[in-house]
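The block underneath contains the structure these notes are about, expressed in structure tokens.
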Amino acid sequence: MTTQSPKTESPQVHLISLGCARNRVDSEVMLGSLLEKGWKITDDAPEANAIIVNTCGFIESAKEESIDTILEAAAHKKTNPKMKLIVTGCLTQRYKTQLAKGLPEVDFFLGVDEFSKIADYVDHAPKGSVHAKRTHYIYTEALPRVNTLNKFSAYVKVAEGCQHNCAFCIIPAIRGRLRSRPIESVVKEVEKLVSQGVLEVNLIAQDLAAYGRDRGQDELLPLLKELVTIDGLALIRLLYVYPENISDEFLDFMADEPKIAKYIDIPVQHASDRLLKSMNRDIDATTLLNVFERVRDRVPGVALRTTVMVGFPGETEEDFVELKAFVKKMKFEHMGCFTYSKEEGTVAGRMAEQIEPDVMKRRQDEIMAIQQKISRDRMESFVGQTLPVLVEGLSPESDLFFQGRLMTQAPEVDGVVFINDGVAIPGQIQMVEITAAHNYDLVGHVVSGVPTTAAHSNIALTLSDKRTMIPVSQNM
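Going by our numbering, the sequence shown opens with residue 11, and the numbers climb by one from there.
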């Protein structure tokens, strides 16, 4: 007589991803690697066999959030002592020695070039060990990956590292110099994502405009020309394009190609020539203005997103006035403002004339008040219009209404469209009549019909036999 061995349950992993979208892609690769080895993903942290905290180490507030999150995760080990706590990402790469000494609760640490090996380390890495060698790693389409953004949208990281030397930024020291993926690798990854139901791809890198320059070529436009030929891909969005090298040819392609979202994220940091030079930004305010005017002229209806910084060492009230005037003049569709963070290992961290925190906070509040008014005016201009919206599903705010985004709204960083009436079809680009506006968000209801452009028609064909129609009642 034989007896069957009891069935072994699959180990469960709980992953917390902090920081930017580029870090999120790393987290998705880690999850994919573990799933390939038989692990399962759980949202229940206390019951997990392993918790992974993928950290950010860019600025002081991010470092603090990372440490707090690690300690919160470590608390679960008190009731589940067999649980493994793994810390990965930029904080590990930047402070590997200090973290290993200061956080004995952590089972092992992985840096930014070794995270893809997590499935091999999880059962064998010695307690407290650090694996953060600089290998100039770059991931490929062959690695397993779990898309965590949503079923219909995904980030695609086309390069690692950065070729710039901004005085305030520690990223090149953490992530290394620019390493661009081959065009073929990116295309294969996007094809794989589209085969899994992804309609919108958000291309990311520290600077998309630099893609290919480590190989001596400008390859962003050739990449886009390849991507737009992929059947079933509806939308390509460009995030983080530095202003110095935006060509007319690139802008004309963006304007003419229906699959390229009329949206571009161009970080500027400041509008004072004196500060831009001190930041080592290789551009001046006049050139910035010309770049943005050229983008708007050549790409009608484009939405511009940017990021500015206040409190950089030596920033005077006169510099700040210049920045405010620039923001008022440009009327960016989307804008973020962050306060300067003094970081060891950066040129700016050694500069004199560091600005007091209360001054930085006051300047940040002033800038964002200006931007809020600009955004509110723009949101109100949409009321009464019927616009294409990518329906994502039930809103995280409430299961009483659905949520989607205009083509000029990027995931996670911009506002959304709340859908409070009509038949919402997740994964479909539908026409929504805008009925109300908030500072950054819109409210509307689905109207009959879908857009008739080629890209949108492809979506309807792709999903026609598998979509679920979900009525939504009036509730806002």
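Idealized CB from N, CA, C, for every residue including glycine.
Please read these numbers as outputs of a predicted model, since none were measured by experiment.
To the nearest angstrom, how far is the alpha carbon of LEU45 from that of VAL132?
Distance between the alpha carbons of LEU45 and VAL132 is about 13 Å.
Closest Cα partner of MET319 within the set ILE26, THR145, ILE69 and GLY48:
Cα-wise, what sits closest to MET319 is ILE69.
Between VAL97, GLU201, VAL393 and ALA177, which has its C-alpha nearest ASP78's C-alpha?
A check of alpha carbon separations from ASP78 across VAL97, GLU201, VAL393 and ALA177 identifies VAL97 as the nearest.
Residues in its own chain within less than 6 Å of THR317 by CB, not counting five upstream and five downstream?
The answer, listed in chain order, is PRO277 and GLY346.
Return yes when the Cβ of GLU267 is within less than 7 Å of the Cβ of VAL238, no when it is not.
In terms of Cβ geometry, VAL238 and GLU267 form a close pair [threshold 7 Å].
Taking just the CA atoms, how far does GLN395 sit from ARG104?
C-alpha separation (whole angstroms): 49 Å.
On the three-state DSSP scale, how would you describe ARG291?
Here ARG291 sits in coil by DSSP.
So within the region 296-376, which uninterrupted alpha helix (DSSP H) runs reach at least 4 residues, ignoring any that extend past its ends?
Segments of the alpha helix (DSSP H) lying fully in the region 296-376: 327-340.
Taking buried to mean at least 16 other C-beta atoms within 10 Å of its own C-beta, is THR107 buried or exposed?
THR107 comes out exposed.
What first and last residue would you give for the alpha helix (DSSP H) that runs through ILE276?
Element bounds for ILE276: n/a, residue is neither H nor E.
If I measure Cβ to Cβ from THR150 and keep anything under 6 Å in the same chain, skipping five residues before and after, which residues do I get?
Around THR150: SER195.
With respect to the alpha helix (DSSP H) encompassing ASP266, which residues constitute its N-terminal and C-terminal limits?
In the DSSP assignment, ASP266 falls within the unbroken alpha helix (DSSP H) covering 258-266.
Thinking just about the alpha-carbon of each residue, which of THR65, GLU363, GLY222 and MET340 is nearest to the one in TYR8?
In the structure displayed, the chain extends from 11 to 486; residue 8 sits before or after that span and is not available.
Using CA atoms only, rank isn't needed, just tell me which of ALA379, VAL35 and PRO21 is closest to THR52.
Of the candidates ALA379, VAL35 and PRO21, the one whose C-alpha sits nearest the C-alpha of THR52 is PRO21.
If you run the structure through DSSP and keep just helix, strand and coil, what is THR107?
THR107: helix per DSSP, three-state reduction.
With a floor of 3 residues, list each beta strand (DSSP E) that falls wholly inside the region 17-94, ordered by position along the chain.
For the region 17-94, whole beta strand (DSSP E) runs of length 3 or above, ordered along the chain, are 22-27 and 60-65.
Classify ARG225: buried if its beta carbon has 16 or more other beta carbons within 10 angstroms, exposed otherwise.
Exposed, since its Cβ has fewer than 16 Cβ neighbours within 10 Å.
Can you give me the Cβ contacts of THR158 inside the same chain, cut-off strictly under 8 Å, excluding the 5 residues immediately before and after it?
Correct list, in chain order: SER27, ARG34, SER37, GLU38 and LEU41.
Quick check: the region 280-290 against the region 249-269, are there 3 or more CB pairs under 8 Å?
Cβ pair count under 8 Å is below three, so no.
Classify GLN382: buried if its beta carbon has 16 or more other beta carbons within 10 angstroms, exposed otherwise.
Residue burial is scored here from C-beta neighbours: GLN382 has fewer than 16 other C-beta atoms within 10 angstroms and is therefore classed as exposed.
What are the start and end residues of the alpha helix (DSSP H) that includes ASP130?
128-131 is the span of the alpha helix (DSSP H), which, as asked, contains ASP130.
I'd like the span of the alpha helix (DSSP H) that includes ILE181, first residue to last.
For ILE181, the enclosing alpha helix (DSSP H) covers residues 181-185.
At what residue ranges does the region 147-173 contain a whole run of the beta strand (DSSP E), taking only runs of 3 or more?
Contiguous beta strand (DSSP E) elements confined to the region 147-173 occur at 163-167, taking only those with 3 or more residues.
Who are the near neighbours of PHE162 in its chain, counting only those whose CB is closer than 8 Å to its CB and skipping five residues on each side?
Spatial neighbours of PHE162 in its own chain (CB-CB distance under 8 Å, excluding positions within 5 residues in sequence) are listed in chain order as GLY207, VAL208, LEU209, GLU210, LEU400, GLU402, PRO436 and GLY437.
Taking Cβ positions, are ILE128 and SER76 nearer each other than 7 Å?
The answer is no: Cβ separation not under 7 Å.
Should GLY48 be labelled buried (16 or more other beta-carbon atoms within 10 Å of its own) or exposed?
Counting Cβ neighbours within 10 Å, GLY48 comes out exposed, since fewer than 16 surround it.
Shortest alpha-carbon distance to PHE322 belongs to which of LEU113, LYS371 and ILE61?
A check of alpha carbon separations from PHE322 across LEU113, LYS371 and ILE61 identifies LYS371 as the nearest.
Classify ARG189 as helix, strand or coil using the three-state DSSP reduction.
Note: ARG189 maps to strand in three-state DSSP.
GLY112 by DSSP, collapsed to three states: which one?
Per DSSP, reduced to three states, the secondary structure at GLY112 is helical.
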